[in-house]
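Take a look at the structure below.
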Amino acid sequence: MTFPIVRHRRLRQSAGIRSMVRETVLTVDDFVQPIFVTYGQGIKNEISSMPGVFHFSLDQLQEEVKEIVELGIPAVLLFGIPEEKDGVGTSAFIENGIVQEATRRIKSWYPELLVIADTCLCEFTDHGHCGMVHTFERDGHVCGDVLNDESLELLVKTAVSQAQAGADIIAPSNMMDGFVQAIRSGLDEAGFSQVPIMSYSVKYASAFYGPFREAADSAPQFGERKTYQMDPANAREALREAETDVLEGADMLMVKPALAYMDIIRTLRDQFDLPIVAYNVSGEYSMVKAASAQGWINERAIVTEMLLGMKRAGADIIITYFAKDAARWLRDR
Ligand SMILES: [Zn+2]
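For the record, in the sequence shown the residue sitting at position 237 is 259 according to my numbering, with numbers rising by one throughout.
Written out as structure tokens, the structure is:
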């Protein structure tokens with residue numbers, strides 16, 4: 023008998039064989055494209071730390087959405103930058119809020135495109151926290167506690183107003199305890215029992231959100247988000263967070279960020295049968311863009327490998343600022 027008998031390379035010897043035995047395939051149906059909408063006229067401003075990602079005023083939005091639809095991307099995730107901010111984030115839940123207005127327009131242009139509304143308060147509060155804050159002074163510094171149950175009421179109002187505007191999916195991201203149950207009840211009472219909840223179940227307090235905070239103008243003015251977002255060191259806690267959301271009626275479970283948390287995506291995939299969503303966040307995007315601008319990496323190959331990795335880890339859906347690029351690469355392959 024000659025050695026070796028088992029030759030793994032037999033199945034790698036040609037492109038045809040490799041594609042026949044490929045285990046994971048990216049498709050355009052996997053992607054969600056985030057969009058930042060803002061007030062004003064004629065605004066299409068590139069976010070400096072996120073080349074290729076823009077703030078759009080409502081009058082500039084249609085062209086962008088048209089491109090997304092033509093590429094076959096099934097869904098967008100909306101973030102709004104309001105005209106006015108206050109302590110409780112009123113602009114998040116007013117009828118003519120920026121996200122609500124953008125949703126109405128997008129659904130009137132392209133009824134079949136899914137609009138996912140990010141449901142949080144941090145873009146709309148003057149202090150930049152994701153909920154209502156009780157502030158106090160300690161040793162001359164302004165401090166604040168983010169109030170859980172009081173914030174839930176505001177979050178429910180936000181979700182209901184987004185559903186009323188036509189949002190197809192509500193994606194609560196503020197990491198208050200009980201937010202899925204509160205929003206589920208609120209949506210049901212308002213007649214939106216068919217609107218699914220994509221919960222930011224496992225959202226870590228991550229440095230990878232840096233560029234987003236510039237994009238959404240939502241950096242906390244004091245304190246940090248570690249009292250509600252998760253410690254990056256914890257994996258078992260992710261199971262508890264996800265389990266709670268499942269029991270409270272979540273329809274999809276998200277892990278955010280993605281790259282440094284592939285083990286969490288895999289763990290959730292193995293433990294739960296709900297669709298798993300990976301959020302390929304702003305910092306992950308910016309790092310690739312920066313290295314690519316330097317000519318240090320091949321952007322297309324790197325992005326494809328990253329997205330494939332997320333899917334292989336168990337993600338069914340990937341929210342990514344690369345969605346349009348990736349859709350184009352898949353089409354032109
Ligand atoms: Zn937030």
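All C-beta atoms, glycine included, are put in the ideal place defined by N, C-alpha and C.
For M284, the secondary structure class from DSSP, reduced to helix, strand or coil, is helix. Nearest C-alpha to G153 among G38, M309, Q84 and N196: N196. For D267, the secondary structure class from DSSP, reduced to helix, strand or coil, is helix. Contact between the region 336–348 and the region 289–299 is present, with at least three C-beta pairs closer than 8 Å. Counting other Cβ atoms within 10 Å of its Cβ, Q216 stays below 16 and is therefore classed as exposed. By the beta-carbon neighbour count (other beta carbons within 10 angstroms, threshold 16), H30 is exposed.
Put simply, of G188, A212, S221 and L174 the residue whose alpha carbon is nearest the alpha carbon of P194 is S221. Distance between A323 and S223, taken at the CA atoms: about 30 Å. Closest by C-alpha distance to E86, out of G336, I128 and D52, is I128. Considering only I120, T125 and I116, the residue with the shortest C-alpha distance to G62 is I120. Taking a C-beta distance under 8 Å as the contact criterion, D52 and K311 do not qualify as a contact pair. Non-local C-beta neighbours of A187 in its own chain, meaning closer than 7 Å and more than five positions away in sequence, comprise Q122, T125 and R126, ordered along the chain. Straight-line measurement puts the Cα of L99 at about 20 Å from the Cα of A241.
In chain order, the residues positioned with their C-beta nearer than 6 Å to some heavy atom of ligand 1 are C142, C144, C152, S195 and N196. Taking C-beta atoms as the reference points, R40 and R34 count as a pair closer than 8 Å.
DSSP places S195 outside both helix and strand once states are collapsed to three, so it counts as coil. Going by beta carbons, I103 and Q55 fall outside the 8 Å limit. Using a Cβ distance threshold of 8 Å, L48 and L281 do not count as a contacting pair.
Within 10 angstroms of the beta-carbon of H149 lie 16 or more other beta-carbons, which makes it buried. The three-state reading of DSSP puts I95 in coil, since its state is none of H, G, I, E or B. By the 16-neighbour rule on beta-carbons within 10 angstroms, C165 is exposed. In terms of Cβ geometry, I191 and L136 form a close pair [threshold 8 Å].
For R44, no alpha helix (DSSP H) encloses it, and the DSSP letter there is neither H nor E. Exposure of P133 is indicated by the presence of fewer than 16 other C-beta atoms within 10 angstroms of its C-beta.
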